[in-house]
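First comes the structure, then the notes that go with it.
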Amino acid sequence: MQVIERNVPAVSTANASDDTVLGQAPFDCTVTGVEYVAEAAITGAATNHRTFSVVNKGQAGSGSTTVASLAFDSGSVTAAANNERTITLSGTAASLVLAAGDTLLWRSVAVGTGITDPGGVVRVTISRS
Numbered sequence: 026m027q028v029i030e031r032n033v034p035a036v037s038t039a040n041a042s043d044d045t046v047l048g049q050a051p052f053d054c055t056v057t058g059v060e061y062v063a064e065a066a067i068t069g070a071a072t073n074h075r076t077f078s079v080v081n082k083g084q085a086g087s088g089s090t091t092v093a094s095l096a097f098d099s100g101s102v103t104a105a106a107n108n109e110r111t112i113t114l115s116g117t118a119a120s121l122v123l124a125a126g127d128t129l130l131w132r133s134v135a136v137g138t139g140i141t142d143p144g145g146v147v148r149v150t151i152s153r154s
């Protein structure tokens with residue numbers, strides 16, 4: 026087991042989105058967990074919200090496979106400040122498989138006019154295949 030950990034920047038404009046490279050798979054592996062530690066609390070909203078996801082961009086940087094995702098699309102979807110929040114893994118087993126050198130990307134997407142993203146730390150746990 027190994028953890029890829031990266032600080033991700035805040036997106037202080039509610040209707041803006043941002044992508045951040047997390048790192049590359051050091052060997053053929055499977056993603057077994059993703060956590061986000063927000064620097065400030067986040068409370069979802071029904072219409073205008075934000076979705077966080079980890080995307081496998083592959084070795085050429087053009088991939089689009091979603092590894093994990095969480096939409097803050099209701100008031101009951103929250104993240105406490107400075108506390109781990111699990112990001113839901115894809116239900117498709119093949120989406121969790123990485124080849125050595127695959128690049129992982131953190132995507133913070135505003136939906137509608139969005140909500141702000143306080144930034145924080147993302148941890149991706151991988152296990153050798």
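Following this note's numbering, the numbering of the sequence shown begins with 26 at its first residue and continues without gaps. For each residue, glycine too, the CB sits at the ideal point set by N, CA and C.
### Cβ-based burial, A63 [other Cβ within 10 Å; buried from 16]
buried
### Query
Who does L129 pair with in a DSSP beta bridge?
G48, N81
### Query
Apart from the five residues on each side of it in sequence, which residues of its chain come closer than 7 Å, Cβ to Cβ, to F52?
For F52, where only same-chain residues beyond five positions count, the Cβ hits under 7 Å are A125, R153.
### Query
Which of the three DSSP states, helix, strand or coil, is assigned to A119?
Of the three classes helix, strand and coil, the one that applies to A119 here is helix, per DSSP.
### Query
Who are the Cβ neighbours of Y61 in its own chain at under 7 Å, not counting the five residues just before and after it?
F77, A104, R110, I112, G145, V147.
### Message
I'd like to check one pair, L114 with A46: are the Cβ atoms closer than 9 Å?
### Response
Checking the sequence, you will find Val at residue 46 rather than Ala. Cβ distance not < 9 Å, so V46 and L114 don't count as in contact.
### Query
Is the beta carbon of A93 less than 9 Å from the beta carbon of V79?
yes
### Query
By the 10 Å Cβ neighbour count, where 16 or more other Cβ atoms means buried, how is A2 classified, buried or exposed?
Residue 2 lies beyond the residue range present for the chain, which begins at 26 and ends at 154; the question has no answer from this structure.
### Query
Exposed or buried, which one is G100 when buried takes at least 16 other CB atoms within 10 Å?
exposed
### Task
Within the same chain, show all residues whose beta-carbon is closer than 6 Å to that of N73, passing over the 5 residues directly before and after it, in chain order.
Excluding the 5 residues flanking it on each side, N73 has same chain C-beta neighbours closer than 6 Å at G137, T138, G139, in chain order.
### Task
Drop a sphere of 10 angstroms on the beta-carbon of S133, count the other beta-carbons inside from all chains shown, and report buried for 16 or more, exposed for fewer.
buried
### Task
May I ask you to report which of helix, strand or coil DSSP gives E64?
Assignment of E64 by DSSP, reduced to helix, strand and coil, places it in the coil class.
### Query
Skipping 5 residues on each side, what residues in its chain have a beta carbon closer than 7 Å to that of N81?
G88, T90, V92, L123, D127, L129
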